[in-house]
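What follows is a short report on a single structure.
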Amino acid sequence: MSNSCNKCARVISDKDRPNSILCSECKTHFHSFCLNISDLEIKVIDRKVWKCPSCIIGVQPYISKGASGNPSNGDLMEKLLEIEAYHKNTEQQINASLNLCHIKLDENAQELVKISHRIDKNVENIQDVITKNIHLEREVGALKMQLDSVDQYNRRNTIEIHGIPCLKHEDVRDLILQVGNALGVTIERNCIDACHRLGLQKLHHPPPGIICKFLQRHLKEEMIHRRKVKRNLTTLDIGMTSGAPIYINESLTPFRRQLLAKARAFKKVENYKFLWTRNGNIYMRRNESASILELKSDDDLNAIRNSINVSE
Numbered sequence: 001m002s003n004s005c006n007k008c009a010r011v012i013s014d015k016d017r018p019n020s021i022l023c024s025e026c027k028t029h030f031h032s033f034c035l036n037i038s039d040l041e042i043k044v045i046d047r048k049v050w051k052c053p054s055c056i057i058g059v060q061p062y063i064s065k066g067a068s069g070n071p072s073n074g075d076l077m078e079k080l081l082e083i084e085a086y087h088k089n090t091e092q093q094i095n096a097s098l099n100l101c102h103i104k105l106d107e108n109a110q111e112l113v114k115i116s117h118r119i120d121k122n123v124e125n126i127q128d129v130i131t132k133n134i135h136l137e138r139e140v141g142a143l144k145m146q147l148d149s150v151d152q153y154n155r156r157n158t159i160e161i162h163g164i165p166c167l168k169h170e171d172v173r174d175l176i177l178q179v180g181n182a183l184g185v186t187i188e189r190n191c192i193d194a195c196h197r198l199g200l201q202k203l204h205h206p207p208p209g210i211i212c213k214f215l216q217r218h219l220k221e222e223m224i225h226r227r228k229v230k231r232n233l234t235t236l237d238i239g240m241t242s243g244a245p246i247y248i249n250e251s252l253t254p255f256r257r258q259l260l261a262k263a264r265a266f267k268k269v270e271n272y273k274f275l276w277t278r279n280g281n282i283y284m285r286r287n288e289s290a291s292i293l294e295l296k297s298d299d300d301l302n303a304i305r306n307s308i309n310v311s312e
C-alpha cells in the first residue's frame with residue numbers, strides 16, 4: 001500500500017498523517033488539503049466509511065445478470081451494500097459539514113455575545129461621560145454666575161455715560177464733572193477713582209461711552225437718579241454746540257449687557273411695558289398690575305416666553 005498522496009503524489013510523512021485520510025474503498029491515501037478538507041472537517045469525518053471522490057463517482061446503480069438474464073441474490077446484495085455504503089458516506093460528509101456549520105455558528109454566537117457585552121460596556125461608559133459632562137456643565141455654569149456676580153459687585157460704584165462726542169485733547173474727568181454739574185450733583189475730582197473712554201472712535205458710529213468709577217456709591221446712585229429726573233439732558237448742558245442726548249446707565253458685566261439686549265428685543269416683541277436695572281440686576285414687568293420678574297440668565301427669559309406660549 002502506497003503512502004503517497006493519490007492527488008499530489010507526494011509522500012505522506014508521519015507529520016502529515018493526522019491531516020491525511022484513507023479511502024475505505026480503494027485504500028489510497030490523500031492529503032486533506034489536496035481535497036480541500038479543512039482541519040476541522042478532518043477531525044469529524046468517519047474514516048471507516050469515507051470514500052474518495054473517484055470512488056463515490058464510480059458507484060453505479062448497475063446490477064449484473066446471471067445466465068438466465070436475472071440478477072443473482074449475491075449481485076443484488078453486493079450492489080445494495082455498495083449503495084448503502086455510498087449513502088452512509090454521503091450522510092457522514094453531510095453530517096460533518098453540518099457539524100462544522102454548528103461549530104461556526106456557536107463560535108459566531110459566542111463572538112456576538114462578546115461584542116454585545118463590549119457594546120453594553122461602551123454604552124455604559126458613554127452614559128457615564130454624558131452624566132459627568134452634565135454635572136461639569138452645571139458646575140461651570142455656577143462658577144460663571146459666581147464670577148459674574150463678583151464682577152458686577154466690583155462695578156457697584158460705576159456708571160457709563162453715552163452720547164458725549166469725542167474732543168481733541170479732552171479731559172474725561174472734566175467732562176464727568178460737567179455732566180454732574182448739569183444734573184445738580186456736586187462731584188469733586190478726587191471723588192472719581194477711575195474714568196476713561198470705552199474704546200476708540202469709529203467712523204459713522206456713535207461716540208464711545210465714558211466709564212466712571214466713583215469712590216462713593218451714593219454718587220453713582222445720585223447721578224442715575226438725577227438723569228431720570230432730567231429727561232432732556234443733552235450736550236448743550238455741558239457747553240457743547242450740538243444738542244445730542246446724554247444717557248447715564250449702570251455699568252453691567254458683558255454677560256448682563258447681553259441679557260439686557262435680549263430682554264429689550266423680547267420686550268418689543270411681547271409688548272412688555274417695563275424693563276429696567278437696579279444695583280446691577282435686571283427686572284421686567286408686563287404692565288402696572290403684573291408681577292416684577294428678575295432676569296438672571298437666558299433660562300429666566302425662556303421661562304417667561306414658555307409661559308406666554310402656554311397661556312395662548
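No gaps in the numbering here: position 74 of the sequence shown is 74 in UniProt numbering, and each next residue is one more.
We treat Cβ as the ideally placed atom computed from N, Cα and C, and that holds for glycine.
Only a predicted model underlies this, so the values are computations on that prediction, with no experimental measurement involved.
Backbone CA spacing between residue i and residue j [nearest angstrom]
i, j, result
"E78", "A109", "46 Å"
"A244", "P208", "14 Å"
"V59", "S24", "In this predicted model, V59 has a pLDDT of only 49, less than 50, meaning its place in the structure is not dependable enough to derive any value."
"V123", "I304", "37 Å"
"N95", "N36", "17 Å"
"E294", "T277", "10 Å"
"L40", "L105", "14 Å"
"R155", "I126", "43 Å"
"E5", "S13", "What sits at residue 5 in the sequence shown is Cys, not Glu. Cα to Cα, C5 sits roughly 10 Å from S13."
"I159", "Y247", "10 Å"
"E107", "C101", "10 Å"
"N99", "L80", "28 Å"
"D16", "H31", "8 Å"
"residue 319", "N249", "In the structure as shown, the chain starts at 1 and stops at 312, and residue 319 therefore has no counterpart that could be examined."
"S64", "Q92", "Here S64 scores only 44 on pLDDT, less than 50, and its place in the model is too uncertain to base an answer on."
"C166", "L233", "17 Å"
"I115", "K121", "10 Å"
"N287", "K273", "5 Å"
"R285", "K144", "26 Å"
"N309", "D299", "15 Å"
"I211", "R231", "20 Å"
"E260", "Q201", "A quick correction: the sequence has Leu, not Glu, at residue 260. For L260 and Q201, the distance between alpha carbons rounds to 24 Å."
"I42", "S20", "8 Å"
Secondary structure of residue i, DSSP reduced to three states
i, result
"T241", "coil"
"R155", "coil"
"H205", "coil"
"T28", "coil"
"L183", "helix"
"D299", "helix"
"A142", "helix"
"K43", "helix"
"L175", "helix"
"S4", "strand"
"I164", "coil"
"I134", "helix"
"I57", "helix"
"T235", "helix"
"I248", "strand"
"V11", "strand"
"K51", "coil"
"N122", "helix"
"I37", "coil"
Of the listed residues the options, nearest to residue i (C-alpha basis)
i, options, result
"I224", "A182, I12 and C166", "A182"
"R197", "N6, A9 and G163", "G163"
"residue 328", "I56, L22 and V113", "In this structure the chain extends from 1 to 312, so residue 328 is not present and cannot be described."
"T90", "V310, E170, F30 and C55", "C55"
"N281", "V185, K7, V150 and R226", "V150"
"K213", "E137, Y272, E288 and S251", "S251"
"L301", "D171, E288 and R256", "R256"
"K296", "Q146, P53, C52 and H117", "Q146"
"D46", "F33, S97, R118 and K121", "S97"
"I57", "A85, A263, N3 and S38", "A85"
"D148", "Y283, Q258, A290 and C166", "Q258"
"L215", "I192, L233 and E221", "I192"
"P53", "K228, E270, C26 and R173", "C26"
Bridge-paired residues (DSSP) for residue i
i, result
"A194", "K213"
"M284", "L275 and L293"
"L22", "H29"
Minimum Cβ-Cβ distance from residue i to chain D less than 9 Å
i, result
"I161", "You won't find chain D in this structure, because it holds only one protein chain."
Tell me, please, whether the segment 226–241 touches the segment 179–195 by the rule of three or more beta-carbon pairs shorter than 8 Å.
They touch, by the three-pair rule.
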